[in-house]
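Enquirer: Have a look at this one.
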């Protein structure tokens, strides 16, 4: 009887310690994962910022100042077929 | 002896069970009952001292190919706090902080303010710098300066800086101690964007024991999410760039513009100048934080004439072939109404009212319509708010249409004496482009919920105002204006029909009259004329040294038209085998 109880307590104790270890590991991983997600989001935001700045720079380009001349005339033609099968 | 041994064993076993029970009870309280509090405390050891890490959903632009670009997101970095009680040498600490915090986005205390903070020996925690990057924060932490703490921080970040700032809005502290959306979409969609703070910090086991229902079906996941706008970042950039150029060139008080899909009400770009940088609000004039395109009303001038024309055509009081005798000036209720050049045109058809922008002609249509019919049409067009998803939408001022004097109706027919918000104006003009039906202008297409479901917002409600025939007849007149009159006929695009109308209104002097030398310029147009994909509304307020909108906004409108045709590869709707236009 005593040995049975001792075994039961031992099993419970081990299970309890194991449970604590799992919960602690899970919590640590969750926090780490959450921070990792946020860091990735910040990195993406940085790339997006660079893209939007690039769009703004291109839009603001003064083509005349860059050496390009305005065309004297514009000719409108029908678009050619762009398929590979000609 | 054996019995004594047994009783001892039982006693020890009871003690073990008791201790285990106590530990279990304590663990229950620590992990389940007070779990959130301890999670917060744990976070604070690596985050700011005041509260948990800031969390909020993102707002996205939608590119033409359907990809998302963040308009508002979160940036992660570090803040620096000092403990004056343990700060040994404030000068050394300040030098260490400013040495690493070199990027322009970092907000650091001035030297004097830092020394003043360091002198507050009664306090143990004062934040002295924000928005340090990961590298900067780690470099400072590695120095281990006594009394200086480097803590994790997260803040709202707008990757486009000033791009669509007035539409996206800002977050700030309101009446409570939480950051909430104050203007723009940040305010309108605050319920979807705000976070309760524990979405990624859930303790699965605690949730399993305490809240199985929420673990499986979380009510917050059906409410919280990211907001997907209809704003196209490259179109928005182009519009903002063009408006800035016009404003600077003519020293205008302000300029604004909207580009919308007239069939769906999706707004591709909505901008005004001046605006502000959402990442740097320290020196912002509070008056630019709102959205003038939604909140402010203006007398738009002659871009109202197409609406008067369509009303007359729809009511059947005129046809495109109807003629009238234009005398150049008329007197109505003792007020004198004249054409812009004061010249009479004689007997002319309706199309000339649009082509030559004749005030006398528009007044003639208003008289033919009669006050009741005119009021009915204009109340249908402007009597209600548009319902756009931006806060503080203004109401139109249509008081003159409640009075018996005919002069109020005549002036309203060419856009004076009644004041409308720009978003109301583009919605009404969109009816001409959309077969006589008004749509709901909007900036947000959907909310992407945390559950993974995309909740599309229903903007399908429409308001029929005109018949499709009346709208088409006015469109023909507006198209003729571009082909024959705009820039002396040089603006014609041989392969694309474009409908447009300019407007010039005198500004009110605040004493019931009008300035004779200060103007509000407006311009509207849509294309392809008979199956439009885009409608554009532009205005510039009080430009200097020019009188007519055809001088200020022609180039801007045409630049946007050509840009949109190229960018969206809009196929020709008319055309010639080969046609040439002088550049």
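Residue numbers (my numbering), protein chains in the order written: chain P, 38 to 123; chain V, 3 to 585.
Beta carbons: idealized from backbone N, C-alpha and C, even for Gly.
It should be emphasised that the depicted structure is a prediction, and the values quoted were computed from it without experimental measurement.
Who pairs with residue 527(V) in a beta bridge, going by DSSP?
Expert: 502(V), 538(V)
Enquirer: Specify the secondary structure class of residue 96(V) as computed by DSSP and reduced to three states.
Expert: helix
Enquirer: Leaving out five residues before and five after residue 565(V) in sequence, what residues of the same chain have Cβ atoms less than 7 Å from its Cβ?
Expert: Non-local beta-carbon contacts of residue 565(V) in its own chain, meaning distances under 7 Å to residues more than five positions away in sequence, involve 240 in chain order.
Enquirer: Would you say the beta carbon of residue 165(V) comes nearer than 6 Å to a heavy atom of the ligand GTP?
Expert: Ligands displayed in this structure: none; no statement on the ligand GTP is therefore possible.
Enquirer: My output table needs one value for residue 151(V): the three-state DSSP class, helix, strand or coil.
Expert: Secondary structure at residue 151(V): strand, using DSSP grouped into helix, strand and coil.
Enquirer: Below 8 Å, how does it come out for the segment 415-422 of chain V and the segment 238-252 of chain V: are there three or more Cβ pairs, yes or no?
Expert: When C-beta atoms of the segment 415-422 of chain V are compared with those of the segment 238-252 of chain V, fewer than three pairs fall below 8 Å, so the two segments do not count as touching.
Enquirer: Under 7 Å between C-beta atoms, does residue 86(P) make it to chain V?
Expert: yes
Enquirer: What are the boundary residues of the alpha helix (DSSP H) that includes residue 72(V)?
Expert: Looking at the DSSP string, residue 72(V) is not in any alpha helix (DSSP H); the run it does join, the beta strand (DSSP E), is 70-84.
Enquirer: Give me the Cβ distance between residue 260(V) and residue 539(V), rounded to the nearest whole Å; I'm assuming they're in contact under 8 Å.
Expert: The pair is a contact, with the Cβ atoms about 5 Å apart (cut-off 8 Å).
Enquirer: Would you mind telling me which residues of chain A sit closer than 7 Å to residue 162(V), beta carbon to beta carbon, in chain order?
Expert: The chain inventory of the structure shown lacks chain A, comprising the protein chains P and V.
Enquirer: Please name the residue in 460(V), 481(V), 282(V) whose C-alpha comes closest to that of residue 2(V).
Expert: The requested residue 2(V) does not occur in the structure, where chain V is confined to residues 3 to 585.
Enquirer: So the candidates are 274(V), 463(V), 510(V); which of them puts its Cα closest to the Cα of residue 389(V)?
Expert: Of the residues 274(V), 463(V), 510(V), the one whose Cα lies closest to the Cα of residue 389(V) is 463(V).
Enquirer: Does the segment 397-407 of chain V come into contact with the segment 226-233 of chain V, if we say contact requires no fewer than three beta-carbon pairs (one atom in each stretch) closer than 8 Å?
Expert: no
Enquirer: Compute the distance between the beta-carbons of residue 92(V) and residue 117(V), then report whether it is under 7 Å.
Expert: yes
Enquirer: Looking only at C-alpha atoms, which of 123(V), 472(V), 121(V) sits nearest to residue 314(V)?
Expert: 472(V)
Enquirer: If the criterion is Cβ atoms closer than 7 Å, does the pair residue 453(V) and residue 223(V) meet it?
Expert: yes
Enquirer: Determine contact between the segment 62-73 of chain V and the segment 156-168 of chain V, defined as no fewer than three beta-carbon pairs at a distance below 8 Å.
Expert: yes
Enquirer: By a C-beta neighbour count over all protein chains shown, 10 Å radius and 16 as the cutoff for buried, is residue 490(V) buried or exposed?
Expert: Answer is exposed; the Cβ neighbour count stays below 16.
Enquirer: Beta-carbon of residue 77(V) versus every beta-carbon of chain P: anything under 7 Å?
Expert: yes
Enquirer: Could you tell me the distance, in whole angstroms, from the CA atom of residue 188(V) to the CA atom of residue 451(V)?
Expert: 16 Å
Enquirer: In chain P, what lies closer than 8 Å to residue 496(V) by C-beta?
Expert: 113
Enquirer: Locate the alpha helix (DSSP H) running through residue 170(V), then write down its first and last residues.
Expert: Unbroken alpha helix (DSSP H) run through residue 170(V): 167-170.
Enquirer: Considering Cα atoms alone, identify which of 75(V), 231(V), 560(V) is closest to residue 449(V).
Expert: 231(V)
Enquirer: Any idea if residue 480(V) is buried or exposed, counting beta-carbon neighbours within 10 angstroms, 16 or more meaning buried?
Expert: buried
Enquirer: Tell me whether the beta-carbon of residue 83(V) lies closer than 7 Å to the beta-carbon of residue 145(V).
Expert: no
Enquirer: Is the shortest distance between the beta-carbon of residue 46(P) and the beta-carbons of chain V less than 7 Å?
Expert: yes
Enquirer: Against residue 243(V), what residues of chain P qualify as contacts under a CB-to-CB distance less than 7 Å, listed in chain order?
Expert: 96, 97
Enquirer: Quick one: which chain P residues come within Cβ less than 7 Å of residue 159(V)?
Expert: 82
Enquirer: Would you say residue 498(V) and residue 465(V) are within 7 Å of each other, going by their C-beta atoms?
Expert: Their beta carbons are not under 7 Å apart, which means residue 498(V) does not touch residue 465(V) by this criterion.
Enquirer: Could you work out which residue in 528(V), 546(V), 527(V), 311(V) is closest to residue 520(V) when comparing CA atoms only?
Expert: That would be 546(V), whose Cα lies nearest to the Cα of residue 520(V).
Enquirer: Within 10 angstroms of the Cβ of residue 193(V), are there 16 or more other Cβ atoms? Answer buried if so, exposed if not.
Expert: exposed
Enquirer: Given a threshold of 16 other Cβ atoms within 10 Å of its Cβ, counted over all protein chains shown, does residue 23(V) qualify as buried or as exposed?
Expert: Exposed, by the Cβ-count rule.
Enquirer: Residue 502(V) to residue 83(P), Cα distance in whole Å?
Expert: Looking at the two C-alpha atoms, the distance is approximately 40 Å.
Enquirer: Helix, strand or coil, according to DSSP, for residue 73(P) in the structure here?
Expert: helix
Enquirer: Cα separation between residue 77(V) and residue 157(V)?
Expert: 5 Å
Enquirer: Whole angstroms are fine: how far does the CA of residue 424(V) sit from the CA of residue 456(V)?
Expert: 30 Å
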